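For the first sequence, full-length UniProt numbering gives the first residue as 1, with consecutive numbering after it.
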Amino acid sequence: MAALVRNDDRIILHLDYDCFYASVFEVEQPALRSLPLAVQQKHIVVTCNYEARRRGLHKLQLIKDAKRICPDVVIVLGEDLTKFRNASKELYLLVRSFVWGGRVEKLGFDELFLDVTEMIDYNAGVLNRNDLTNSYFHLDRNDPTVGFSYDATRFQGSTFPATEAAAQNDSSSLEMRLLVASHLQGHIRSKIEHQIGFTATGGISTSKLLAKLVGNVHKPNGQTTLLPPYTATENNTSNVFQFLDDHEIRKIPGIGSRIAEKLKSHIIGKESVGEKITVKDVRQFSGMSPSLLERILGGPGSVKGIGMRMWNILHGVDSSEVLEGRDVPTQISIEDSYGRLDTLESVRRELVVLSRSLIRRVRTDLLDMSDDTAPQGRWRAHPRTLRLSTRPRLPADLGTRRAYSSNRISRSAPLPPFIFNLDENIDALAVRLVRESVFPMFRKLHPEKAGWNLSLLNVAVTNMVETAGDQKRSSGRDIGKMFQQQETVLKDWTVQEPEPSFANPQLPDSPEIESQSDDGWDDDEPWSVDCPICGVSIPHFAQLAHQIYHGDHESQPSIIRQP
DNA sequence: CAGACTTAG
DNA sequence: TATTCTAAGTCTG
1 MAALVRNDDR IILHLDYDCF YASVFEVEQP ALRSLPLAVQ QKHIVVTCNY EARRRGLHKL
61 QLIKDAKRIC PDVVIVLGED LTKFRNASKE LYLLVRSFVW GGRVEKLGFD ELFLDVTEMI
121 DYNAGVLNRN DLTNSYFHLD RNDPTVGFSY DATRFQGSTF PATEAAAQND SSSLEMRLLV
181 ASHLQGHIRS KIEHQIGFTA TGGISTSKLL AKLVGNVHKP NGQTTLLPPY TATENNTSNV
241 FQFLDDHEIR KIPGIGSRIA EKLKSHIIGK ESVGEKITVK DVRQFSGMSP SLLERILGGP
301 GSVKGIGMRM WNILHGVDSS EVLEGRDVPT QISIEDSYGR LDTLESVRRE LVVLSRSLIR
361 RVRTDLLDMS DDTAPQGRWR AHPRTLRLST RPRLPADLGT RRAYSSNRIS RSAPLPPFIF
421 NLDENIDALA VRLVRESVFP MFRKLHPEKA GWNLSLLNVA VTNMVETAGD QKRSSGRDIG
481 KMFQQQETVL KDWTVQEPEP SFANPQLPDS PEIESQSDDG WDDDEPWSVD CPICGVSIPH
541 FAQLAHQIYH GDHESQPSII RQP
């Protein structure tokens, strides 16, 4: 058997805000707290509060079923994610303010991973073992008045297993470090509740995998610490195996429907329709090994090294790091779904609506307003690529049993830079973007004029290039990368070509674009462009003056962003 | 790189 | 089973 190496030196917290979308409405309108509340997107309940769950509602239920089961349910519309995104950001910033080194990773809108190893090792180190009951947790190394009192003779919240074995008094033991961490977790959850109004569920362990899974044990508004021992000895069984073994494999993070199906059919055979299979079933399967898993799960399209990775996960081993939050996203996308979308004109109308939202989001998420020298805001990054995705409605004929597929198709093209013009109104920018770029891409994706019917449209910007001078992360480290970044940004700024360098996707027979066939983008207004040194938006006529102001790049004549 | 696929909430 | 509205990451051609 391969050696089992578990890394127990890290302390990881997982936080999950309880029924997040519903809670956002409850915080906004506290009267909703005592009522059954469901959040609707299109024809389904995407989430509901616990009062609604008590009455039989659940996630991803049809609205008509929800109303039938619970006629007095309060239904609110949640298709616009803006307020969820804002609440998520506010919570993230609060939590990050507690964690040394800002080691906080977001997973979706409602989950966080915290690497609190340094805080815990420091605080376990200053414990007074003669008076553990009156301990003090230091939230600031340099200011001893910042922190909270706690009782270090007991865990805060619940544990798994529920009853502890013999307590160890050694401050460097894993048990003591986890105990201290459970009090930090409790403090953070209480701040989240009292300062912002959300309850959250917490998990405390030594990896993202175990912290997330163990948090599920007491939901909602609870927290659970996975107790040692994490490795089996002659006398004790490992609590990690104890905990993991009864989990359905599909519930393990990293095992999705695809992998679960493959494992299932290889372990219990093909004709197993609704059956469950647990971690123990897989782990104890005859001949189980990383290489057997590699044979079962490998093959074309699957990730390399998947056998070893799955073997580790099934043994509770996860060495993945808590990644620091990024200050710019890698993509921004807007989508909507439709019951029926089968004419060019309706598609064009919807694409304009989506593009408007997209440009609004690009402005709110990519514009840094905290720079006094740029009153309109300074671009933190420029996306360079535009992507249109659609989901054609499945042919209804023999459609009951079709293979698994994501069923989305997409086309990408360079993003025309005029959308960064802050003086232009968003409606006009959206109409132009659709006319000159998105709609031509649609024609490329669906060359036939009719005969299709779409259930989804998605417009996205990707391929972000960060603006020079935007510190990657507050720590300001990794100077080499910043210079490298600056170099790649500068490379994008070249002397303007006489010809428009990014043409419309070539559709000679497209009547929609023939009116402006040969003047490209730079027909009317001069674009404002962004200085690669300081990021400010410069009108065309002021570029030379701005370059002289910087001196750095005075050797470059007329700079314009190349697609 | 573009496009499909997988996983996640 | 996907259903909603996203976001990230990996693989193949």
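Backbone N, C-alpha and C define an ideal beta-carbon position, used for all residues, glycine too.
Bear in mind the structure is a predicted one, so any value in this text is a computation, not a measurement.
Counting the other CB atoms within 10 Å of its CB gives Asn235 a total below 16, which places it among the exposed residues. DSSP lists no bridge partner for Lys262. Rounded to whole angstroms, the gap between the alpha carbons of Asp8 and Gly203 is 15 Å. Between Asp318 and Lys208, the beta carbon gap of about 6 Å places them in contact (Cβ cut-off 8 Å).
Under DSSP, Lys106 takes part in a beta bridge, and its partners are Leu112. Beyond the five residues adjoining it in sequence on each side, Glu335 comes within less than 8 Å, by CB distance, of Leu354, Ser389, Leu456, Leu457, Asn458, Val459 in the same chain, given in chain order. DSSP places Asp281 in the helix class (H, G or I) of the three-state scheme. According to the DSSP assignment, Phe137 belongs to the beta strand (DSSP E) that extends over 135-138. If you look at Met464, you'll find it in the beta strand (DSSP E) that goes 454-466.
Taking a cut-off of 8 Å for Cβ pairs, the segment 145-159 and the segment 60-72 do not touch, as fewer than three such pairs fall below it. When DSSP states are grouped into helix, strand and coil, Ser355 belongs to the helix group. Annotation for Gly186: the continuous alpha helix (DSSP H) segment containing it runs 174-191. In the three-state DSSP reduction, Ser389 falls in the strand class (E or B). The C-alpha of Val322 lies about 7 Å from the C-alpha of Arg103.
Counting only the Cα atoms, Gly254 lies some 21 Å from Lys219. The beta carbon of Ile359 sits closer than 7 Å to the beta carbons of Ile419, Ile426, Leu429, Ala430 from its chain, once the five residues preceding and following it are set aside; these are given in chain order. Within the same chain, and ignoring the five residues on either side of Lys276 in sequence, the residues whose Cβ sits closer than 6 Å to its Cβ are Glu248.
Counting the other Cβ atoms within 10 Å of the Cβ of Asn130 gives fewer than 16, which makes it exposed.
Annotation for Ser412: Thr385, Leu386, Arg387 place their beta carbon closer than 7 Å to its own, counting only its chain and skipping 5 residues before and after. For Pro417, the closest of Ser410, Trp379, Val214, Ala450 by C-alpha to C-alpha distance is Trp379. Looking only at Gly215, Pro161, Ser182, Asp170, the smallest Cα-Cα distance to Asp151 is reached by Ser182. Restricted to the segment 309-349, the beta strand (DSSP E) segments that are unbroken, complete and at least 3 residues in length are 331-337, listed in chain order. Taking Ile192 as the centre and dropping the five residues before and after it, the same chain places the C-beta of Phe198, Ala200 closer than 6 Å to its C-beta, in chain order.
The DSSP assignment places 20-28, 50-54, 63-69, 82-96 as complete runs of the alpha helix (DSSP H) inside the segment 9-97, in order along the chain (cut-off: 4 residues). Nearest Cα to Gln40 within the set Ser34, Glu26, Leu62: Leu62. Sequence-distant partners of Glu164 (beyond 5 residues in either direction) whose C-beta falls short of 7 Å from its own C-beta, in its chain, are Leu227.
In chain order, Gly307, Met310, Trp311 place their CB closer than 6 Å to the CB of Leu293, counting only its own chain and leaving out the 5 sequence neighbours on each side. The residues His14, Gly203, Pro253, in chain order, have a CB closer than 7 Å to that of Lys212 in the same chain once the five nearest residues on each side in sequence are set aside. Comparing alpha-carbon positions, the option among Pro300, Thr233, Thr462 lying closest to Thr330 turns out to be Thr462.
The beta-bridge partner set that DSSP reports for Leu226 consists of Phe160.
Looking from the CA of Thr206, the closest CA among Asp121, Gln195, Arg408, Ala450 belongs to Asp121. Each residue's CA atom was taken as its position, placing Leu4 and Val116 some 24 Å apart. The beta carbons of Glu261 and Ala381 sit no closer together than 7 Å. Just so you know, the alpha carbons of Gly451 and Ser357 end up roughly 28 Å apart. Taking C-beta atoms as the reference points, Gly78 and Tyr17 fail to come closer than 7 Å. Taken in chain order, the whole alpha helix (DSSP H) runs of length 4 or more contained in the segment 191-219 are 208-215.
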